[in-house]
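I have placed the structure first, in the form of structure tokens, so that the comments after it can refer back to it.
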Amino acid sequence: MQKLPPHTIAPSTAKPRMALRSLPALLGLCLAGSLAACQAETPAAPATADATAPATAPADDAAAATAAATPELSAEQLQAIVTGLLRKGYGENAFDAASGCWKHSFETSNDELDYCMKPGTPEVVVTPSGRQVYLQTHSDPKAGTYALVDPGLRGLFAASVSASGEWQPLAQSPAIDQGQAGDCGCADAKLQQVGPERFGWLSTSGGTWQGVTVSHYDLYVPVGASFQNVSRIARSTESAPGETVDIAIDNTGTPVDGMFPIKATRSGGKNPGTSLIAFDPGQKLYPWPQ
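For what it's worth, our numbering labels the leading residue of the sequence shown as 3, then goes sequentially.
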């Protein structure tokens with residue numbers, strides 16, 4: 003079976019509010035292989051990497067206290083959480099051991115299509131209130147015959163974990179349609195801290211038409227029991243084709259409705275510079291000033 007390296011989050015240049023831990027490579031091994039192999043009574047060989055080494059600089063006092071008081075998740079515990087989330091999202095018997103993915107049928111505007119959802123490497127974060135697990139899945143464009151107009155799918159899952167190791171679903175959106183030809187274009191999305199107690203998946207989407215690229219930032223965070231895209235921030239627009247906008251979460255800023263502000267830096271256009279975009283609690287999103 004292929005062994006996947008643990009995914010880590012690059013540290014912020016500002017003082018982080020929470021601690022994040024690297025994941026055992028063993029879990030990547032189980033996700034890449036069959037579910038039956040992961041459920042075998044004989045445990046797999048332990049990971050050789052140091053699973054206890056922090057992936058970032060020390061957190062603030064509240065998160066550090068939580069980390070000290072809460073045992074780290076073992077590979078077996080993390081595997082059980084991931085399997086439980088995926089079974090809840092796609093069905094008890096949806097795992098296809100031959101292809102290493104989870105089968106899911108999705109109704110598009112044209113037809114009902116069959117997808118094969120591949121799980122990425124889960125990420126464990128430590129917040130002042132406890133540990134959380136985040137996981138993204140994405141459709142495999144090679145697993146079926148898709149027309150150009152057929153969207154890709156991405157699934158987003160999160161769970162909260164108590165000090166005793168018990169877990170509860172925090173939010174889930176098993177099938178968000180985006181992209182084309184069965185490819186969501188989301189496999190490179192990054193988990194970002196977006197508030198003192200919240201994380202979200204940041205990526206870009208868009209396309210090029212007649213030589214003009216139009217793209218925007220997608221930021222999916224838990225809102226209620228599901229994930230919602232709370233960004234309306236453009237990366238490039240038709241009205242300013244030479245301009246590019248780069249963004250960064252400002253985790254030193256004052257949160258609004260539990261969300262940090264975002265720094266947006268324009269370059270290559272008529273009005274270069276950096277502005278601060280606060281979360282709009284009324285619209286439940288980061289607006290984009292036109």
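All C-beta atoms in this analysis are idealised placements derived from N, C-alpha and C, irrespective of residue type, glycine included.
Three-state secondary structure assigned by DSSP to residue i
i: residue 90; result: helix
i: residue 80; result: helix
i: residue 286; result: coil
i: residue 152; result: coil
i: residue 267; result: strand
i: residue 147; result: coil
i: residue 85; result: helix
i: residue 137; result: strand
i: residue 216; result: strand
i: residue 235; result: coil
i: residue 103; result: strand
C-alpha distance - residue i paired with residue j, whole-angstrom precision
i: residue 189; j: residue 182; result: 14 angstroms
i: residue 124; j: residue 83; result: 10 angstroms
i: residue 97; j: residue 283; result: 39 angstroms
i: residue 197; j: residue 264; result: 11 angstroms
i: residue 241; j: residue 217; result: 12 angstroms
i: residue 258; j: residue 285; result: 12 angstroms
i: residue 208; j: residue 245; result: 15 angstroms
Cβ shell of residue i (< 8 angstroms), same chain only, five flanking positions each side left out
i: residue 174; result: 87, 90, 91, 157, 158, 159, 160, 227, 228 and 229
i: residue 200; result: 223, 224, 260 and 261
i: residue 192; result: 11, 203, 204 and 205
Sub-9 angstroms separation of residue i and residue j beta-carbons
i: residue 139; j: residue 171; result: no
Cβ shell of residue i (< 7 angstroms), same chain only, five flanking positions each side left out
i: residue 219; result: 204, 206, 233, 235, 237 and 249
i: residue 142; result: 103, 118 and 120
Contacting residues, own chain, Cβ-Cβ under 6 angstroms from residue i (five flanking each side not counted)
i: residue 169; result: 83, 161 and 163
i: residue 135; result: 83, 124, 126 and 161
i: residue 289; result: 234 and 282
Segment contact flag, the region 273-282 with the region 205-213, C-beta cutoff 8 angstroms, min 3 pairs:
no
The region 146-156 touching the region 98-117, judged by at least three CB pairs closer than 8 angstroms: yes
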